[in-house]
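Participant: Mind looking over this structure? Questions follow.
Numbering (my numbering), first residue to last: 455 to 546.
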């Protein structure tokens, strides 16, 4: 999994004819976040899950959902910054 997450920029993986877009990882994943995500995926023993962590680069929490692809211990993941999650929340 490290070789996927350590890459910079838009990563496309072609897996059995499907293109999986992992997204722009460069600005969000620093070493601490990578270690946290790697620990999470190891603890779930190859199953999907959700996690949140504070990114020092983005200066906000990042929420990540991940699911195994079923090949080479790869995971597809989607990360959304807290500012996007809370954008339409009415703060009364």
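We treat Cβ as the ideally placed atom computed from N, Cα and C, and that holds for glycine.
1) May I have the straight-line CA-CA distance separating residue 542 from residue 534, to the nearest angstrom?
2) Go ahead and pull the three-state DSSP assignment for residue 513.
3) Let me know if residue 537 comes out buried or exposed under the rule of 16 or more other beta-carbons within 10 Å of its beta-carbon.
4) Between residue 476 and residue 529, what straight-line distance do the alpha-carbon atoms span, to the nearest angstrom?
5) With residue 506 and residue 520 assumed to form a contact (beta carbons below 8 Å), what rounded beta-carbon distance in angstroms separates them?
Facilitator: If we stick to the structure as given:
1) Roughly 14 Å between the two C-alpha positions.
2) Residue 513 sits in coil when the DSSP states are folded into three classes, being neither helix nor strand.
3) Classification of residue 537: exposed, given that the 10 Å Cβ count is below 16.
4) Below a pLDDT of 50, predicted positions are generally treated as unreliable, and residue 476, at 39, falls in that range; the measurement from the model is reported next regardless. Near 9 Å, if we compare the C-alpha coordinates of residue 529 and residue 476.
5) Contact between residue 506 and residue 520 is absent: CB atoms are separated by about 12 Å, not below the 8 Å threshold.
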